[in-house]
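Asker: Below are the structure tokens for one structure; questions will follow.
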Amino acid sequence: MSKVNNLISLLVAILIVFSLSGCGEEQKIAHKPPLVKTMVVNHSDSVNKNVYAGVVRGRYESNLSFQVGGRILSRNVQAGSFVRAGDALITLDQRDVIQQATQGDAQMASRAAELELAKSNLSRYQELYDADAVSASTLEQYQTNYNVALAAYENAKAQAAQSHNALDYAYLTANADGVVSDVFVEVGQVVAAGQTALSLVQAKELEVEIYVPENYIQDAIIGNNAQINFWAIPGENITGVIREVSPTADAASRTYAVRLSLPNPPQNLKLGMTASVSLLSSDYASSDLCTLPLSAVYQSNNQTQVWTVNEDNKLELKNISVEEFGDNEVRVKGLSNGERVVTAGVHNLRVGEEVRFKGEDL
Numbered sequence: 133m134s135k136v137n138n139l140i141s142l143l144v145a146i147l148i149v150f151s152l153s154g155c156g157e158e159q160k161i162a163h164k165p166p167l168v169k170t171m172v173v174n175h176s177d178s179v180n181k182n183v184y185a186g187v188v189r190g191r192y193e194s195n196l197s198f199q200v201g202g203r204i205l206s207r208n209v210q211a212g213s214f215v216r217a218g219d220a221l222i223t224l225d226q227r228d229v230i231q232q233a234t235q236g237d238a239q240m241a242s243r244a245a246e247l248e249l250a251k252s253n254l255s256r257y258q259e260l261y262d263a264d265a266v267s268a269s270t271l272e273q274y275q276t277n278y279n280v281a282l283a284a285y286e287n288a289k290a291q292a293a294q295s296h297n298a299l300d301y302a303y304l305t306a307n308a309d310g311v312v313s314d315v316f317v318e319v320g321q322v323v324a325a326g327q328t329a330l331s332l333v334q335a336k337e338l339e340v341e342i343y344v345p346e347n348y349i350q351d352a353i354i355g356n357n358a359q360i361n362f363w364a365i366p367g368e369n370i371t372g373v374i375r376e377v378s379p380t381a382d383a384a385s386r387t388y389a390v391r392l393s394l395p396n397p398p399q400n401l402k403l404g405m406t407a408s409v410s411l412l413s414s415d416y417a418s419s420d421l422c423t424l425p426l427s428a429v430y431q432s433n434n435q436t437q438v439w440t441v442n443e444d445n446k447l448e449l450k451n452i453s454v455e456e457f458g459d460n461e462v463r464v465k466g467l468s469n470g471e472r473v474v475t476a477g478v479h480n481l482r483v484g485e486e487v488r489f490k491g492e493d494l
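Under the working numbering, the letters of the sequence shown match residues 133 to 494, in that order.
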């Protein structure tokens, strides 16, 4: 019996020792500083950017038209066709133009004959006048007839030349190497002189066009850089330069056309591709603005604050001013680059409390 009692006493003693040991460990754990979630302030990552959809266009675009009217006989291109300078794109029916040229030649020949007759008469009457056979007034009449015939001939000659030029005008040719972006006429259609037949984009220099709302147009500053990526070329991010800002807004959309040049465009970039353009917002270019999670903000006595961790890993409260609320985030002033801010559990902390953190630079 005594052996049983001794065994029970030994087991109880062992349990007491383990219990005391466990309490000691709990006390040690309890004395460890609490673990908090933090981030390091980085102003450069907090600058706001507005993103706009854009389209790749040619810097130089020409609307081509005929210098004479007529019926379209043939069309050799369509939208997307690549052409070389001097290529014939569209041809007019030349029958009417040829007829006009023939009539012009006949008219010029008739006026030439009249001029020759007037010249001959003037020469004969000049001789008679020199011989005192006719009066000066008679000579003046034949001189006038010659002048009229000469003017009529010059006019007919100019009209004939214009008719022959019209033969060349029946061909609409490319003024430069490029791509046909749009065609506005069809075979058989009658067009007037000056009516746009097609648009040609010169392929030697491409750029991106975006439309910026009037309340953000102050962000579009000529000469500023912008980040551009193309949906058809994943992973290809390039820098564009704002080249041109329209001085007036579109009457319907109230947006301004902005064009960006591409100093180093991708080799496989094509006209009409869709681009995404990020413009730096002038509202947030200030160096003392940063973005924090909404959970980092601590409100005390009508003062907005955040918890910061100093070099001794102790907590301090710092006053800030909120400039803008976003989706689960705020833009604030009052923090410096490199400061570590507590981003969660801010209502359970005390000034001067030592903490541990698993930092995350955002």
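Glycine included, every Cβ here is placed at the ideal spot set by N, Cα and C.
So, are the CB atoms of Lys446 and Glu471 less than 8 Å apart?
Answerer: Taking the first residue of the sequence shown as 1, we reach residue 446 at position 314. Taking the first residue of the sequence shown as 1, we reach residue 471 at position 339. Contact: no.
Asker: If we cut at 8 Å on Cβ distances, does Asn357 have a partner in chain B?
Answerer: Among the protein chains of the structure shown there is no chain B, as only one such chain exists.
Asker: Look up Ala407 in the DSSP assignment and say whether it is helix, strand or coil.
Answerer: The sequence position of residue 407 within the sequence shown is 275, counting from 1. Here Ala407 sits in strand by DSSP.
Asker: Please report the Cβ distance between Leu221 and Val229, rounded to the nearest whole angstrom; I am assuming they are in contact, meaning their Cβ atoms lie under 8 Å.
Answerer: Translated into the one-based positions of the sequence shown, residue 221 becomes position 89. Translated into the one-based positions of the sequence shown, residue 229 becomes position 97. With 8 Å as the limit, Leu221 and Val229 do not qualify as a contact, their Cβ atoms being about 18 Å apart.
Asker: Around the C-beta of Trp363, are 16 or more other C-beta atoms found within 10 angstroms, so that it is buried, or is it exposed?
Answerer: For the purposes of this step, residue 363 is taken as the residue at position 231 of the sequence shown. Label assigned to Trp363: exposed.
Asker: Assuming Val454 and Thr436 form a contact by the criterion Cβ under 8 Å, report the distance between their Cβ atoms to the nearest whole angstrom.
Answerer: In the sequence shown, counting from the first residue as 1, residue 454 sits at position 322. In the sequence shown, counting from the first residue as 1, residue 436 sits at position 304. That pair is a contact at about 6 Å.
Asker: Could you tell me the alpha carbon to alpha carbon distance between Ser393 and Val340, rounded to whole angstroms?
Answerer: Locating residue 393 in the sequence shown gives position 261, counting from the first residue. Locating residue 340 in the sequence shown gives position 208, counting from the first residue. The straight-line gap from Cα to Cα measures roughly 7 Å.
Asker: Using a Cβ-Cβ cutoff of less than 6 Å, which residues in the same chain neighbour Tyr192 once the five nearest sequence positions on both sides are dropped?
Answerer: As a working mapping, residue 192 is identified with position 60 in the sequence shown. Excluding positions up to five away in sequence, the list reads Gln334.
Asker: By Cβ distance, which residues of its chain are closer than 7 Å to Ser468, with the 5 residues on each side in sequence left out?
Answerer: Residue mapping note: residue 468 aligns to position 336 of the sequence shown, counting from 1. Counting only Cβ-Cβ distances below 7 Å, and skipping sequence neighbours, we find Val173.
Asker: Please classify Leu411: is it buried, with 16 or more other beta-carbons within 10 angstroms of its beta-carbon, or exposed?
Answerer: Residue 411 sits at position 279 when you count from the first residue of the sequence shown. Classification for Leu411: buried.
Asker: According to DSSP, simplified to helix, strand and coil, what is Leu481?
Answerer: Walking along the sequence shown from the start, residue 481 turns up at place 349. Coil, per DSSP.
Asker: Which two residues bound the contiguous alpha helix (DSSP H) that contains Thr276?
Answerer: Indexing the sequence shown from 1 puts residue 276 at position 144. Start and end: 268 to 301.
Asker: Suppose you measure from the CA of Asn460 to the CA of Ile374; what does that come to, to the nearest Å?
Answerer: On the sequence shown, residue 460 is found 328 positions in, with the first residue counted as 1. On the sequence shown, residue 374 is found 242 positions in, with the first residue counted as 1. Roughly 32 Å separates the two Cα atoms.
Asker: Apart from the five residues just before and just after Lys169, which ones in its own chain have a Cβ nearer than 6 Å to its Cβ?
Answerer: The sequence position of residue 169 within the sequence shown is 37, counting from 1. Answer for Lys169: Thr475, Ala476, listed in chain order.
Asker: So Ile349 and Tyr303 are in contact, right, with Cβ under 8 Å, and what is the actual spacing, rounded?
Answerer: Taking the first residue of the sequence shown as position 1, residue 349 is located at position 217. Taking the first residue of the sequence shown as position 1, residue 303 is located at position 171. About 44 Å; that fails the 8 Å criterion.
Asker: Between Leu266 and Gln275, what straight-line distance do the alpha-carbon atoms span, to the nearest angstrom?
Answerer: For the purposes of this step, residue 266 is taken as residue 134 along the sequence shown, with counting starting at 1. For the purposes of this step, residue 275 is taken as residue 143 along the sequence shown, with counting starting at 1. Correcting the residue type first, residue 266 is Val in the shown sequence and not Leu. Cα to Cα, the separation comes out at about 13 Å.
Asker: Only counting the same chain, and skipping five residues up and downstream in sequence, which positions put a Cβ closer than 6 Å to that of Tyr301?
Answerer: Taking the sequence shown and counting its residues from 1, the one referred to as residue 301 is at position 169. Contacts found: Gln199, Val200.
Asker: Determine the DSSP secondary structure at Leu467, reduced to helix, strand or coil.
Answerer: If you number the sequence shown from 1, residue 467 lands on position 335. Coil, per DSSP.
Asker: What do you get for Ile353, buried or exposed, if any count of 16 or more other CB atoms within 10 angstroms of its CB means buried?
Answerer: The count along the sequence shown starts at 1 and reaches residue 353 at position 221. Exposed.
Asker: Alpha carbon to alpha carbon, how far is Leu271 from Met240? Give it in angstroms, no decimals.
Answerer: As a working mapping, residue 240 is identified with position 108 in the sequence shown. As a working mapping, residue 271 is identified with position 139 in the sequence shown. The straight-line gap from Cα to Cα measures roughly 26 Å.
Asker: Looking at Val312 and Ile204, is the spacing between their C-beta atoms short of 8 Å?
Answerer: For the purposes of this step, residue 204 is identified with residue 72 of the sequence shown, where counting begins at 1. For the purposes of this step, residue 312 is identified with residue 180 of the sequence shown, where counting begins at 1. Result no, Cβ atoms of Ile204 and Val312 do not sit closer than 8 Å.
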